[in-house]
Amino acid sequence: MKIFLLLITSVIGSYCFNPNDYITIPFLRFPDSLSYNVLEINSFFEYLIACLYIGLFYYSMYFCISEILVWSHPAPKTSERVAQTKEEMRRGIKALFYVILLTTGIIWKVQPLNPYYGYYETHEFGLKEFFISLIIYMVTFDVWFYTSHIIGHTPFFWKHFHGEHHEFVEPGAYAQDAVHPVEALIQGPIGHFLPTFIYPFHPVCHHIFGLLTSIYAQFAHDGRWDPAGHTLHHYYYSCNFSIWGLCDYIFGTGYNQQKYPIPYIPTWLRSKLNHKNQDKKIM
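In case it helps, mature numbering (1 follows the signal peptide of the UniProt record, and there is no 0) puts the sequence shown at residues -16 to -1, 1 to 267.
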């Protein structure tokens, strides 16, 4: 693992690495050095082209991972569950459209204004910088997500924005992006780019962190691998507000059995346990 990280950081940190020498995509150009940005956008036409390619990538990832998780999930494919999945998908497609527009816009117009823009063109990037940026990304994103999420549960924002996401009491993987577009923009792109104004991030690492966070959120909504207990939040509403669980631990808003004595058991797991109990009675 260490050798792999060393290889990645050495390639990313190489001043002579020009992605245009290795990758050719119609109408899309990368910066001569990835130390500045991941895309070179100099006009509105190039912005639209970048939106198209980024959209193709993220929609493909969203559908592929979600579909695999939905297909492999042990929940019975009842008509209600299928209808919910379709609704999650519909809302996710809508929210992702705005997320892609804003993300690409920030890459084009906002990131060049960042005081750390091109920092690693003149500074060394290695394992130390990689791990520091990873920690700052996770902590900053967690604080931002937690704060905005708590606000989302206040009456006004719940009624007009966040309550839409909580219509899915037992969400599936598609629910990751099945939120109101305004909420999607606040908790997605803004939370993603905010850490870069606190510490110098290498653009490649920064976007890899964002990609992995998005995949992590899909798994969390699927429920079978959910380290921070996000599915518990969908059931109880008033616990597990953060994305990694850090702020919940600090502020005491994480799930605990004393506060919620009735354990949450998903309906698909409940029916499975009932079958096991029936088999034991027969035996």
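Glycine residues also receive a C-beta, built at the ideal position from the N, C-alpha and C atoms.
Taking a contact as a CB-CB distance under 8 Å, the pair G156 and E72 counts as one, their CB atoms being some 6 Å apart. The three-state reading of DSSP puts E154 in coil, since its state is none of H, G, I, E or B.
Around L23, the same chain offers A34 and I91 as residues with beta carbons nearer than 6 Å, after the five sequence neighbours per side are excluded. Contact holds between the region 52 to 61 and the region 196 to 215, because three or more Cβ pairs, one in each stretch, are under 8 Å apart. Within the same chain, Cβ atoms closer than 8 Å to the Cβ of L178 are found at T124, F125 and W128, the five residues on either side in sequence being excluded. For T215, the uninterrupted alpha helix (DSSP H) run begins and ends at H214 to Y220, by DSSP. Contact fails between the region 181 to 200 and the region 139 to 156, because fewer than three Cβ pairs, one in each stretch, are under 8 Å apart. Here T215 is near G207, since their CB atoms are less than 7 Å apart.
Boundaries of the alpha helix (DSSP H) harbouring G76: S63 to G89, taken from the DSSP string. For D126, the enclosing alpha helix (DSSP H) covers residues L111 to G136.
Residue burial annotation: E113 is buried, with at least 16 other C-beta atoms found within 10 angstroms of its C-beta. Taking C-alpha positions only, P139 is separated from H107 by approximately 47 Å.
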